[in-house]
Amino acid sequence: MKKFYVTTPIYYPSGKFHIGTAYTTVLADTVKRYKQLRGYDTFMLTGTDEHGQKIQTVAEKQGKTPQEHVDEMAKMAKDLWSLMDINYDFFLRTTDVKHVEIVQKIFEYFLQKGDIYKGHYEGLYCMPCESYFTESQLVDGKCPDCGREVKLMKEEAYFFNMKKYADKLLKYYEEHPDFIQPEYRKTEMINNFIKPGLEDLCVTRTTFDWGIKVPSDPKHVIYVWLDALTNYLTALGYMSDDDTLFKKYWPADLQIIGKDIARFHLIYWPIFLMALDLPLPKKILVHNWIMMKDGKMSKSVGNVVYPEKLISRYGLDATRYYLLREMPESQDEIYTPENFISRYNSDLCNDLGNLVNRTVSMVNKYFEGKVPEYNGTPNEVDKEFEEYTEKQVDLIEKTIDNYEMSPALQEIWSLISRTNKYIDETRPWELAKNEETEKLKSTMYHLIENIRKIGIILLPFMSETSKNLLNQIGIPEELQTWDNLKKYDGLKDIKVIEKGQPLFIRKNVEEEMEYLKN
Ligand code: MSP
-18 MKKFYVTTPI
-8 YYPSGKFHIG
2 TAYTTVLADT
12 VKRYKQLRGY
22 DTFMLTGTDE
32 HGQKIQTVAE
42 KQGKTPQEHV
52 DEMAKMAKDL
62 WSLMDINYDF
72 FLRTTDVKHV
82 EIVQKIFEYF
92 LQKGDIYKGH
102 YEGLYCMPCE
112 SYFTESQLVD
122 GKCPDCGREV
132 KLMKEEAYFF
142 NMKKYADKLL
152 KYYEEHPDFI
162 QPEYRKTEMI
172 NNFIKPGLED
182 LCVTRTTFDW
192 GIKVPSDPKH
202 VIYVWLDALT
212 NYLTALGYMS
222 DDDTLFKKYW
232 PADLQIIGKD
242 IARFHLIYWP
252 IFLMALDLPL
262 PKKILVHNWI
272 MMKDGKMSKS
282 VGNVVYPEKL
292 ISRYGLDATR
302 YYLLREMPES
312 QDEIYTPENF
322 ISRYNSDLCN
332 DLGNLVNRTV
342 SMVNKYFEGK
352 VPEYNGTPNE
362 VDKEFEEYTE
372 KQVDLIEKTI
382 DNYEMSPALQ
392 EIWSLISRTN
402 KYIDETRPWE
412 LAKNEETEKL
422 KSTMYHLIEN
432 IRKIGIILLP
442 FMSETSKNLL
452 NQIGIPEELQ
462 TWDNLKKYDG
472 LKDIKVIEKG
482 QPLFIRKNVE
492 EEMEYLKN
């Protein structure tokens, strides 16, 4: 069986997750479900990135120990993923003992190999904020965070020799054009970071202690990104007593990340892997951000949208649909309540919901719920409809294979629209009135066939809705497969339910705007 290993970033557990942060995970979950449907043995990883100064500070502010704080936050993350029906196989916490031990082994290995060396870190330091800044980050020569004086400081630190790997990385990019998607992210890395000269990376800190200690020099803690990135390996038992999963699933087939963490994943991560002599992931997919009209979602601005708010009123599938549909690869997307409701009412209620409802009631009315069998010879109208559908399903499949979920959903909705149009073209009510029974049978058959296809294609995106839809049209489990998606010959002894249930119920726009106001 072919395997498929997909990862999300591990999240900073500093506060509740909003719809932007949830997007990465919904995307990974959709890919995983699709691959499963295509017969892959899949493994999906997510988790929490629990070390570092930021976490320590947040915990202190709340009067908790860092461990108490991250325990609560990891639970919060798991609860959200369970609400969002995220099908991960492993949830990694960087405070897990197993992870900690392997990170330490990796650090010592790099040290012994000479990839990590001891030196001095020099920079402008803000004491109260315990942070280093570069000259250009300062605001009026002062700390950009608190506005206080900064001091030139020098401390002992360990560095990773990035320079050594720069050419090898460039060569790898060149020889593996599919490694980074979209391609312009690679160009950004080359032009902004590699060509100007890759700096060695400071991989330890001594200014706080909430982190993994360097075993041979425990006053240093390991830099949070070296700790965090290795989670993709430690989750599989790399370097541990049981590395069965590692042997089975590494290299990752797809690693999904947001644009803000591109540099860490497209430069440092491949270099760490090269230093470990490990194969690199097959693809790193970088997505853009969900923004608000007034910029980034932020607690202090008060413009944050939480997934729970959308899910409790519109359901999980509508929320997932919105996130996946709205996020193009090429730019950031602005969330607006108007847009959310419009997608809900027009795409889900009108286009999809009505198609299913109309069809179920016609099959009941004209054939007592029994789907007519196909006679195998399409008339002119049906033939064109079949040809369009076959091509469209191919296109949808290619688009999903390329992990382009928003364009894929657009194409799925074209198929839905075309199927709705087929009803208007064939006018089943007139066929019934004129007793054109053969044509009417063929029309009902084709409608149910297309709805079956739509239902199967939508399974990875909106699984509950798809299952409900497939149940309503009486499709047994064995026909809910991708394999015979492209054929027109599958339906025998199918009976739709007696009374269709609306998949989505139309909402009043004004009432919803009121609800969605922040
Ligand atoms: N802890 C690091 C990742 C370490 S991976 C080895 C981190 N965590 S995070 O919680 O800040 O971000 C998690 C994911 O959410 C990232 O992929 C990030 O890009 C994504 N997003 C955060 N805000 C977002 C939006 N507004 N829109 C879309 N994605 C967003 O980074």
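Okay, so the sequence shown: first residue is -18 according to the numbering used here, each after it adds one.
Positions of the beta carbon are idealized from the N, C-alpha and C atoms, including for glycine.
Beta-carbon contacts of residue i that lie in its chain and below 7 Å, excluding the five residues immediately before and after
i, result
"valine 362", "Glu406, Thr407"
"glycine 481", "Val337, Asn338, Val341, Ser342, Gln453"
"isoleucine 381", "Tyr15, Ala389"
"lysine 420", "Asn360, Leu412"
"glutamine 85", "Ile193, Pro196"
"leucine 119", "Leu105, Pro125, Val131"
"methionine 255", "Tyr146, Lys149"
"phenylalanine 245", "Trp206, Leu210"
"tyrosine -8", "Phe(-2), Thr2, Thr29, Asp30, Ala58"
N-terminal and C-terminal residue of the alpha helix (DSSP H) that residue i is part of
i, result
"aspartate 22", "Here aspartate 22 belongs to no alpha helix (DSSP H); instead the beta strand (DSSP E) covers 22 to 29."
"isoleucine 381", "361 to 382"
"valine 7", "0 to 18"
"histidine 80", "78 to 94"
"phenylalanine 321", "318 to 323"
"serine 395", "386 to 407"
"histidine 50", "47 to 64"
"serine 444", "444 to 453"
Short Cβ contact (9 Å threshold) for residue i with residue j
i, j, result
"phenylalanine 174", "leucine 261", "no"
"leucine 266", "leucine 235", "yes"
"arginine 301", "threonine 11", "yes"
"isoleucine 486", "cysteine 330", "yes"
"threonine 418", "leucine 336", "no"
"valine 285", "lysine 476", "no"
"threonine 340", "isoleucine 432", "yes"
"leucine 390", "alanine 3", "no"
"leucine 497", "glutamate 430", "no"
"aspartate 501", "glycine 357", "The structure shown has nothing for residue 501, since the chain only spans -18 to 499."
"methionine 273", "methionine 343", "no"
"leucine 18", "isoleucine 437", "yes"
"asparagine 269", "methionine 220", "no"
"threonine 29", "leucine 61", "no"
"leucine 484", "leucine 450", "yes"
"methionine 386", "tyrosine 249", "no"
"valine 184", "leucine 207", "yes"
"tyrosine 165", "arginine 186", "no"
"aspartate 66", "serine 447", "no"
"threonine 6", "tyrosine 69", "yes"
"leucine 297", "leucine 440", "no"
"leucine 500", "phenylalanine 253", "Since the first and last residues shown for the chain are -18 and 499, residue 500 lies out of range."
"glutamate 493", "proline 318", "yes"
"tyrosine 355", "lysine 488", "no"
"glycine 239", "proline 457", "no"
"threonine 188", "glutamine 312", "no"
Range covered by the beta strand (DSSP E) that runs through residue i
i, result
"lysine 135", "132 to 141"
"histidine 101", "97 to 107"
"lysine -16", "-16 to -12"
"glutamine 236", "235 to 239"
"phenylalanine 253", "Element bounds for phenylalanine 253: not the beta strand (DSSP E) but the alpha helix (DSSP H), 250 to 256."
"arginine 487", "First-last for arginine 487: undefined, no H or E at that position."
"tyrosine 113", "112 to 114"
Close-in-space but distant-in-sequence residues of the same chain around residue i (CB under 8 Å, 5 per side omitted)
i, result
"histidine 50", "Pro(-6), Ile36, Val39, Ala40, Gln43"
"lysine 167", "Tyr154, Phe160, Ile161, Leu247"
"valine -13", "Ala9, Val12, Lys13, Lys16, Thr23, Phe24, Met25, Leu26, Ala233, Asp234, Leu235, Gln236, Ile237"
"tyrosine 287", "Lys(-3), Phe(-2), His(-1), Ile0"
"lysine 291", "Here the sequence assigns leucine to residue 291, which means lysine is not the residue at that position. Once the five neighbours on either side are set aside, the close Cβ partners of leucine 291 are Ile0, Ala299, Thr300, Tyr303, Phe321."
"valine 374", "Leu396, Lys434, Ile438, Leu466, Lys467"
"threonine 76", "Glu31, His32, Gln48, Val51"
"histidine 505", "Here the chain has residues from -18 to 499 only, and residue 505 is not among them."
"lysine -16", "Tyr21, Asp22, Thr23, Phe24, Lys229, Tyr230, Asp234"
"tyrosine 347", "Pro409, Ala413, Leu421, Met425"
"lysine 263", "Asp159, Phe160, Pro232, Ala233, Asp234, Leu235"
Beta-carbon contacts of residue i that lie in its chain and below 6 Å, excluding the five residues immediately before and after
i, result
"threonine 462", "none"
"isoleucine 97", "Phe91, Tyr139, Phe141"
"alanine 216", "Leu26, Phe71, Leu73"
"valine 490", "Ile322"
"lysine 99", "Tyr139"
Beta carbon proximity, residue i to chain B, threshold 9 Å
i, result
"isoleucine 248", "Absence of chain B from the displayed structure is noted, only one protein chain being present."
The stretch 105 to 114 / the stretch 131 to 145 touching (three or more Cβ pairs under 8 Å) = yes
Segment contact, 8 Å Cβ cut-off, at least three pairs: the stretch 119 to 135 with the stretch 146 to 161 | no
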